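Asks: Pasting a structure here, questions to come.
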Amino acid sequence: MTTPFPFTAVVGQDDLRLALLLNAVSPAVGGVLVRGEKGTAKSTAVRALSALMPEVPVVPGCRFSCDPGAPDPACPDGPHEETGAGTRRPARMVELPVGASEDRLVGALDIERALAEGVKAFEPGLLADAHRGILYVDEVNLLHDHLVDLLLDAAAMGASYVEREGVSVRHAARFLLVGTMNPEEGELRPQLLDRFGLTVEVAASREPDQRVEVVRRRLAYDDDPGAFAARWADEERAVRRRIVAARELLPSVRLGDGALRQIAATCAAFEVDGMRADIVMARTATALAAWAGRTDVLAEDVRQAALLALPHRRRRNPFDAPGLDEDKLDETLEEFGGSEDEDPDPGPDGPGGGGGQPPRSDDGPQGGDTAARPEAGEDGEPQSSGAGEQTPVRASEPFRAKALSVPGVGEGGAAGRRSRARTEHGRTTGARRPRGTLTKLHLAATVQAAAPHQRARGRSGRGLVVRRDDLRQAVREGREGNLVLFVVDASGSMAARQRMGAVKGAVLSLLLDAYQRRDKVGLVTFRGSAADVALPPTSSVDAAAARLESLPTGGRTPLAAGLLKAHEVLRVERLRDPARRALVVLVTDGRATGGPEPVALAGRAARLFAADGVASVVVDCESGPVRLGLAGQLAGELGGTAVTLDELRADSIAGLVRDVQGGAKRRAA
């Protein structure tokens, strides 16, 4: 067994270590979401926590970790009788892979035995293994939607249900949920985000001495993990004893009315939704007091609890950075503070409990201003020769996201909500013979396949004689995410008319739609004499928004170069992810300048997309009393459809999808 990196040997990351320790003291806090760039010891710290968790008593032989003092009456391995102390084992840390199947998470029923023998043969999944322990999800923001739904159900009910065509099994599933994620790869669904009690932002230190110590300790651990862990054994034992002591003290901690008023006022001031934030803050403040060895909750505990429990719950736009305005927090706590609950002696370790209480780092700027700042030069020329300089122009915001989708039915290569696809989840549309393990039984089709053979099989009673060849797999249709590639004209013909603000507002509305539908997005821009991949295909739409905000404009319109660059991006992406279908959104006025026969060259480039069957939409940005209709002609060459900026502003947009799909059907005919 691999020796884990010691928790106490992690350098810095005080907020992360404190949040994990508070959950070890009080699992009712609800877990931790760790957000940060790659290589910041997120996974290392989480894995190290399991070694500090107190042992748990379990019923001997129970696969579902029942408590011998209060066994689950519905346990599939039960019924159990109260057995006193039972046996003790270390708390488990179970890792949920991003690509896990539903059966691996919740467990599986043997359908063949259930039908033929009438027995419930259940194989426990990861939720059963994690009961009374830690469930760790690395890259939790990349978890498939159907797994997220199952996690939400288990977290809300404290139990997992497995149902297959009327046969069901239930078992307890209460666990400490810990997730790590890199925000550059996409955000988390709001429903799951709210299920994490605390959140912390981590970043690599910029202090050379601290970075040197990180490298020194890591190299020492890699050379001899056992010897390195032995050097930190005393510190590990001390933290473990402190966790046990804090757990024993926790029931005695008093949360007075003054602290409760501060908690309620803080949650109201930051406009959090629902009451979960208030409850989590109360539990966190109580755990902080117990960790510090106190029996009273102080204002310092409430403040620290707010910094850990509210950043991911405050109301913000999807592209806004998380965080709290600490000045506003201090003003609220001072306004609603009272002296009746405060202890003049905060204890020997200070208000935060000493070793585990870090100073709070600055959360950074509040919110992400998605205002676009294009150049606004006249006659197609930028205002200055500097390629990165722009005149601030706020993006227009009267746009509503278009309900764009790729026509046809895909193979469900990427979980999402945009286009129709054959998936493991969704409505049943048919049946087929299973390929490999049967996962979704189509009961009616199975009975229909078995019925003609009952006499030949010697059926004599009421039961149906079912063979393996009779089993049918349900074919289901759901939704999948697409690759939405934005190709944006940033030339002078766009900027000179002061329209880039409106264009950026339109693209931001479509980016928001991509965020909500869990798409992958990319950004290609063209201006001057060439096209650039401003953002390679990624799941981070906030990265796309940031690139769009700083988009320089001006110069000629190399439309053909932009289309050829987009075609190359799609070719490479098909090699990496062949099952994900693409949707090209071209934002232009249709003009093409530069080089010989620029319009004809752009037409030939557009026909490459039509030949490959790539779905496309042209956002026509042409304005003024005289319109050439070039964008509409370009949409015809692409085999797609065109929509104007004015139509993007309209509330009634359902017809666009019908136009895209209808055009595809006409081409197929």
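Okay, so the sequence shown: first residue is 432 according to my numbering, each after it adds one.
Quick reminder that beta carbons are idealized off the backbone N, C-alpha and C, glycines included.
Just so we're clear, the structure is a prediction, and the values are computed from it rather than from any experiment.
1) Helix, strand or coil, according to DSSP, for residue 935 in the structure here?
2) Indicate the three-state DSSP secondary structure (helix, strand or coil) for residue 588 in the structure shown.
3) Taking the Cβ atom as the reference point for each residue, do residue 1013 and residue 991 lie within a distance shorter than 9 Å?
4) Less than 8 Å between the CB atoms is what I'm expecting for residue 490 and residue 504, so what's the real figure, rounded?
5) Count the other CB atoms within 10 Å of the CB of residue 759; is the residue buried (16 or more) or exposed (fewer)?
6) Using the C-alpha atoms, what's the distance from residue 635 back to residue 647?
7) Could you tell me if residue 891 is buried or exposed, where buried requires 16 or more neighbouring beta carbons within 10 angstroms of its beta carbon?
8) Please state whether the Cβ-Cβ distance between residue 554 and residue 971 is less than 9 Å.
9) Given 8 Å as the limit, is there contact between the region 712–729 and the region 687–694, that is, 3 or more CB pairs closer than that?
10) Would residue 1059 be called buried (16 or more neighbouring beta carbons within 10 Å of its own) or exposed?
11) Starting from residue 526, trace the beta strand (DSSP E) in both directions and tell me its first and last residue.
12) Using CA coordinates, which residue listed in 881, 643, 672, 673 is at the minimum distance from residue 902?
13) With a threshold of 16 other CB atoms inside 10 Å of the CB of residue 640, please say whether the residue is buried or exposed.
14) Out of 677, 1077, 1034, which one is the CA nearest neighbour of residue 1066?
15) Grab me the residues of residue 768's own chain with a C-beta within less than 8 Å of its C-beta, minus the 5 sequence neighbours each way, in chain order.
16) According to DSSP, simplified to helix, strand and coil, what is residue 945?
17) Going straight from the alpha carbon of residue 967 to that of residue 953, what length do you get?
18) From the DSSP output, read off the bridge partner residues of residue 488.
19) For residue 963, does the three-state DSSP call read helix, strand or coil?
20) Are residue 870 and residue 594 closer than 9 Å when you measure CB to CB?
21) May I ask you to list the residues that DSSP assigns as paired with residue 464?
22) Between which residues of its own chain and residue 709 is the CB-CB distance below 7 Å, once the five residues before and five after are set aside?
23) If you draw a straight line from the alpha carbon of residue 539 to that of residue 908, how long is it in whole angstroms?
24) Return the CA-CA distance between residue 495 and residue 874, expressed in angstroms with no decimal places.
25) Could you check which residue in 1062, 655, 974 has the C-alpha nearest to that of residue 951?
26) In chain order, what residues of the same chain lie with their CB nearer than 6 Å to the CB of residue 507, ignoring the 5 residues before and after it?
27) Determine the contact status of residue 579 and residue 612, defining contact as a CB-CB distance below 9 Å.
28) Buried or exposed: which applies to residue 981, given that a residue is buried once 16 or more other Cβ atoms fall within 10 Å of its Cβ?
29) Name the two residues that bound the continuous alpha helix (DSSP H) containing residue 537.
30) Figure out for me which residue from 1019, 998, 863, 584 has the closest Cα to the Cα of residue 988.
31) Could you check whether residue 670 and residue 720 sit closer than 9 Å to each other, using their CB atoms as the reference points?
32) Quick check on this structure: which residue in 1061, 959, 576 has the alpha carbon closest to the alpha carbon of residue 1031?
33) May I have the straight-line CA-CA distance separating residue 442 from residue 963, to the nearest angstrom?
34) Pick out the complete alpha helix (DSSP H) segments inside the region 547–586, 4 residues or longer, and give them in chain order.
35) Taking the alpha carbon of residue 1076 as the point to measure from, which residue in 1047, 940, 985 has its own alpha carbon closest?
36) Out of 499, 1068, 1026, 914, which has the shortest C-alpha to C-alpha gap to residue 510?
Replies: On the basis of the supplied data:
1) Secondary structure at residue 935: helix, using DSSP grouped into helix, strand and coil.
2) Three-state DSSP puts residue 588 in a helix.
3) Not a contact, by the Cβ cut-off of 9 Å.
4) Residue 504 and residue 490 do not touch by the CB rule: their CB atoms are close to 12 Å apart, not below 8 Å.
5) With a 10 Å radius around the Cβ and a threshold of 16 neighbouring Cβ atoms, residue 759 comes out exposed.
6) Distance between the alpha carbons of residue 647 and residue 635 is about 15 Å.
7) The residue in question, residue 891, is exposed, as its Cβ has fewer than 16 Cβ neighbours within 10 Å.
8) No. Outside cutoff.
9) A contact exists between the region 712–729 and the region 687–694.
10) By the beta-carbon neighbour count (other beta carbons within 10 angstroms, threshold 16), residue 1059 is exposed.
11) Residues 524–526.
12) The residue among 881, 643, 672, 673 with its C-alpha nearest the C-alpha of residue 902 is 881.
13) Per the 10 Å Cβ criterion, exposed.
14) Per the C-alpha coordinates, the member of 677, 1077, 1034 positioned closest to residue 1066 is 1034.
15) Only residues of its own chain outside the window of five on either side were considered, and among them 689, 693, 730 have a CB closer than 8 Å to the CB of residue 768, listed in chain order.
16) In the three-state reduction of the DSSP assignment, residue 945 falls in the helix class.
17) Approximately 5 Å, taken between the alpha carbons.
18) According to DSSP, which records beta bridges pairwise, residue 488 is partnered with 519.
19) In the three-state reduction of the DSSP assignment, residue 963 falls in the strand class, which pools E and B.
20) For residue 870 and residue 594, no; Cβs fall outside 9 Å.
21) Bridge partners of residue 464 according to DSSP: 610, 630.
22) The residues are 694, 695, 698.
23) Approximately 22 Å between the Cα atoms of the pair.
24) Distance between residue 495 and residue 874, taken at the CA atoms: about 29 Å.
25) The residue with the shortest Cα to Cα distance from residue 951 is 974.
26) Taking C-beta separations shorter than 6 Å and ignoring five residues to either side along the sequence, the partners of residue 507 in its chain run 553, 600, 602, following chain order.
27) Taking the C-beta atoms as reference points, residue 612 is found no nearer than 9 Å to residue 579.
28) Of the residues assessed, residue 981 falls on the exposed side of the cut-off, its CB having fewer than 16 other CB atoms within 10 angstroms.
29) It spans 533–537 - the alpha helix (DSSP H) in which residue 537 sits, taken as one unbroken run.
30) The shortest C-alpha separation from residue 988 is found at 1019.
31) In this structure, residue 720 sits away from residue 670, with a CB-CB distance that is not shorter than 9 Å.
32) Of the listed residues, the one whose Cα sits closest to residue 1031 is 1061.
33) Using only the alpha carbons, I get a separation of about 40 Å.
34) Given a length threshold of 4 residues, each whole run of the alpha helix (DSSP H) inside the region 547–586 is given here in chain order: 557–561.
35) Nearest option by C-alpha distance: 940.
36) Of 499, 1068, 1026, 914, the smallest CA-CA separation from residue 510 is found for 499.
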